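Only one structure is covered here, and it is reproduced in the block below.
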Amino acid sequence: MSLVHGGGRAGGGDNGDPWSASPLPCFLWLLVHDARQESTKMRACCGIIALLVLLVNLKALAAQDPSCCHQAAEFTPCKEACDQLATIKSESRLKHLLQRLPGYCPESMNELWTCINSTLPGVSRKSEGWVGLGCCELAISAECRRECRQASSENDIIKVCKKVTENSLYSCITKNEMGSTCCSYAGRHTTCREYCQAIFRTDSTPTMSQINAVKEYCQSHSAQLLTCVSNFTKSYPIRSPLDSLHCCDRAEATHCQVACRRILRTMNTEHEIMEGLIEECGSQPLPQDPMWQCFLGSAHPPSPPKVETPHPSKMDCAKLHCCSKANTSLCRDMCQEISTNWGSQTWQDFDQLCEYNPVEAELLNCLADVREPCQLGCRDLTYCTNFNNRPTELFRSCNVQSDQGALNDIKLWSNGTIKMPFMNIPVLDIRKCLPDMWKAVACSLQIKPCHKSRGSVICKSDCVDILTQCGDKRRFHEGQTPERICELLSPMDDPERCIPLRRYLTPSTLGNNDIEEVIHPCNPNPCPSNHVCQVNRKGCLDGLSCQPYVCVAGCKLCEASDFLVQLDARVQVPTRAGPAGCYEVCSCGPSGRLENCVETPCVDIKPCMVGGQRRSHGSTFRVDCHNCSCYAGDTICPRRECLSPEGSRVDRRHSTGLPCGCPDRFVPVCATNGRTYPSACVARCLGFKDHQFVFGMCGFSNPCSTKPCQRNQRCVPKYRVCLSDSSDCPQHQCLGRPGTCDKNGGELACDSDGVVHPSLCHLQQAGKRLAYLGHCQEVCRKPRQVCGHNGETYNTVCDAFSNRVTVDYEGPCHAVGALTDGAPDSACSIVSCLLPSPGCRAVTPPGACCPICASMLQILWNKDGMNTFSKLNKNRPVTVQDVLQVLRLHVSVPQCDVFGYLSIDHMLVVLVVPADRQPTPLQMEACSKEAEKIDSLINQASPTLISHVPLSALMSSEIKTTSVHSSGGRPPSLQPGLSFLLGLLISAAPVLHQL
């Protein structure tokens, strides 16, 4: 059963009424859908008052008339499930069964569902033609509800139901009437009508995919329907649960006001919100109570203060990021119109002229990232089953709706025509001609495996093959051939840029035990629509059970966007009216909207001249051995030395592989940016003056010795490496003794006694001394020095990991490695490396001596951008840890974690490392895929990543991936030393072991 785009429905009526087409009533539909996934459709169907009705009347459903069940006498599973409705006393068990009842009793069993409808509270047996019947429960007045149930038209209720006070009721009736009118134009075209009806079953403005579906399936049937739907989608308002925050102010008790705001921002589902309000405020939902009246009756809450809505409500800043990627002015203008004037119908022309334009691949891929970001893993599909059990593959739309959509596409194509926005392709009977290939096509286009090119397209050779065998050439238009059709639909054959169908002609070879090695807590998303799902890397404290994910309150990237950022996040968005290169930085505030927006200096997007060639702003290109980028007319390249070709062996023998050809002696100095460099020569080469560094390692200094904090504060060392240089880079923080600490805020902290605290705040409150951040580890109780990949010596492995740095070798740092693979390693010859297992194809990070089982990104970044963000944030420096903290949010599996450092040639090195002590090949592959995803998002400047400050200063990335090979499915045993190091990835491993 699917009531949204991509899902058809059997057994619908032909009268055009969007409610009578399905025998399921409004608030039973609420129950049989997952509240976490369907919150938007739930609000659309009934609104918040229907949830209250459910709470009050849930037990009444247990008195379900068992006589209905005889309608299922010939279908035993349905009959048995139906009979249980009359016997269940527990509300939770009843709801559980109702949620699954359509799985036992198909919706096509109209007689059964109609009988069930007639026994539900609030359903009238005599007013079946009254389109407002499903809205009656939205009435605040009991008298109005009774009149509505008995009415046969809107005129019958006007005297009792006042439009001034019953705006939710009349808004619902208006929507139903529009749906009835619009969808009636579909006539006997069932599929067109079903997609039309989906438009009127959503409370927020319909999604672009829903609107596209109506256009695709209805454009050849009824221009009147398209015009009618267009008028509706232009005018229907956006709603968010946070729009009800103003209702909290109407509560009489102060504690209820405070609880109300907290509940609306933190509770996971609408059901939890209602229960929480009833419990905290100590009252039942009565229409005469001012707070409840606001919740129940306000279909259009008052606009929030202007300070909370710096952007127009019809702007999509995520998509606006993409518009500058257009290669034609036509598509760029259309993109900007869609993004800044949401609700316009420019999308129709955009689809026609841009969606399949090969020169707009970059723009289309960016828009695809915004609409449906790539996520690891695919499972629980019932039709596209060959896509299941693929935990290390990336998909855009692996969900039940897409699964049902593929089935619907096959049904439509079985009619003999594949309808495209700009052409119809006649085909033979696909039920007999290559049915498995057609199924793979439908599933691929719906599930959308990710690749590096534009939206999901199948490979050209597959397209030509299937149309050659199954195209109905007798009905081809003049000049049409399989090759010409596929040149337009699937112009490429690179498996990295298109979908090879044969991969999905057979099931995955992985079993259930294998796929459990990699989990995806946030796919599908278990959080409410206004929350961001994040992997829980803190684990469970005090033996308490917890979920592998956490739901964090979020903000849309402007009001019309579906893309969320977490509370307190700082984001960069394009200015509405400014030219390309003009942005502003905003914060996600507690109101659920972007706040405190400040314009940044516009970036001059002039090109660079490189070797006589013109390079556009933001482009990446090769100069000698470097990947360089153009930024505002300047060419930015790494500082590493390019080694001579193979013929010049003398030069190679004398090269050290260090900046400026510095000797590979290790005489460390600490620079003002908090980074330890292997020698004064390297520091000078990177631009530091002699007064800007001191001899010795940064980590061995005592930043609190000068007593930089006030008398009522406590100085705590906080070593960091700063990427901005427009302000100081302090290596300490001053902490007062707080009265209260946020229970969910901050990283775990281990004190010097080996006791873990929920955060540094809690540790400070307890009067303890910080040992390191993260879970306490028994092996770290005694100092055992290690050298990090950043050339810094740490007292324990835990100290290194606390600073998000992986370990190079045991013992203090005493050597520096080369920056390139081909450089001599004379300095590292004195280092005893803990070699990876024989099955691991390891990488050696730049400046390190020893390889590590990890996937590595070397990222080129822009210092001007980092300085801008620092100035906008009250001169707070931007650090390596800031970048890693945000990048960590983009890794979706808890089996992988993110570490990194600033290399000695000032590249940002990011390592995606497996968290298990003995990673399986599947886990290593998952970490490689996570690294590839981040690499692609950086190189394509995807808004899903570069919207986050300071990630918008990242310019380009180079990647090296790793893997573990083992014939038995498990990796060979790691050597004891390496097992010790890998097993202490303290931020991720405890989660895996305790959940």
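First residue of the sequence shown: 0, per numbering that gives the first Met the number 0; consecutive thereafter.
From the three backbone atoms N, C-alpha and C, an ideal C-beta is built for every residue, glycine too.
Quick caveat: nothing in here was measured; it's all calculated off a predicted structure.
Counted within 10 angstroms of its Cβ, other Cβ atoms place residue i as buried (16 or more) or exposed
| i | result |
| --- | --- |
| residue 689 | exposed |
| residue 874 | exposed |
| residue 572 | buried |
| residue 177 | buried |
| residue 857 | buried |
| residue 711 | exposed |
| residue 641 | exposed |
| residue 814 | buried |
| residue 597 | exposed |
| residue 505 | exposed |
| residue 46 | Because the pLDDT of residue 46 is 37, which lies under 50, any placement of that residue in the model is unreliable, and the question is left without a value. |
For residue j and residue i, believed in contact at Cβ under 8 Å, the rounded distance
| i | j | result |
| --- | --- | --- |
| residue 639 | residue 904 | 4 Å |
| residue 720 | residue 878 | 6 Å |
| residue 819 | residue 656 | 5 Å |
| residue 707 | residue 681 | Not really, about 28 Å apart at Cβ, beyond 8 Å. |
| residue 630 | residue 954 | 7 Å |
| residue 509 | residue 388 | 5 Å |
| residue 677 | residue 790 | 6 Å |
| residue 252 | residue 293 | Not really, about 15 Å apart at Cβ, beyond 8 Å. |
| residue 882 | residue 907 | 7 Å |
| residue 795 | residue 779 | 4 Å |
| residue 396 | residue 438 | With a Cβ gap of about 16 Å, residue 396 and residue 438 do not count as contacting. |
Where residue i sits in the DSSP three-state scheme
| i | result |
| --- | --- |
| residue 783 | coil |
| residue 995 | Residue 995 lies beyond the residue range present for the chain, which begins at 0 and ends at 994; the question has no answer from this structure. |
| residue 868 | helix |
| residue 818 | coil |
| residue 261 | helix |
| residue 418 | strand |
| residue 692 | strand |
| residue 173 | helix |
| residue 487 | helix |
| residue 877 | coil |
| residue 355 | coil |
| residue 583 | strand |
| residue 649 | Any reading at residue 649 is ruled out, since the residue's pLDDT is 45, under 50, leaving its predicted position unreliable. |
| residue 558 | coil |
| residue 894 | coil |
| residue 226 | helix |
| residue 750 | strand |
| residue 828 | helix |
| residue 190 | helix |
| residue 216 | helix |
| residue 293 | helix |
| residue 924 | helix |
| residue 498 | strand |
Beta-bridge partners of residue i, as assigned by DSSP
| i | result |
| --- | --- |
| residue 184 | According to DSSP, residue 184 bridges with nothing at all. |
| residue 713 | 734 |
| residue 1037 | Nothing about residue 1037 can be read from this structure; the chain reaches only from 0 to 994. |
| residue 327 | Looking at the DSSP assignment, residue 327 forms no beta bridge with any residue, so it has no partner. |
| residue 372 | Bridge partners of residue 372: none, in fact. |
| residue 552 | 530 |
| residue 947 | 570 |
| residue 899 | 909 |
| residue 859 | 955 |
| residue 931 | DSSP, once it has assigned bridges, lists no residue as partnering residue 931. |
| residue 608 | 613 |
| residue 633 | 630 |
| residue 669 | 675 and 693 |
| residue 778 | Per DSSP, none; premise fails for residue 778. |
| residue 565 | 553 |
Worksheet entry | 4 or more residues per run - each alpha helix (DSSP H) lying fully within the region 441-473 | The alpha helix (DSSP H) runs of length 4 or more contained entirely in the region 441-473 are, from start to end of the chain, 459-469.
Practice prompt. Could you tell me which uninterrupted beta strand (DSSP E) segments, each at least 3 residues in length, are contained entirely in the region 378-440, listed from first to last along the chain?
Written response: Runs found: 416-418 and 423-425.
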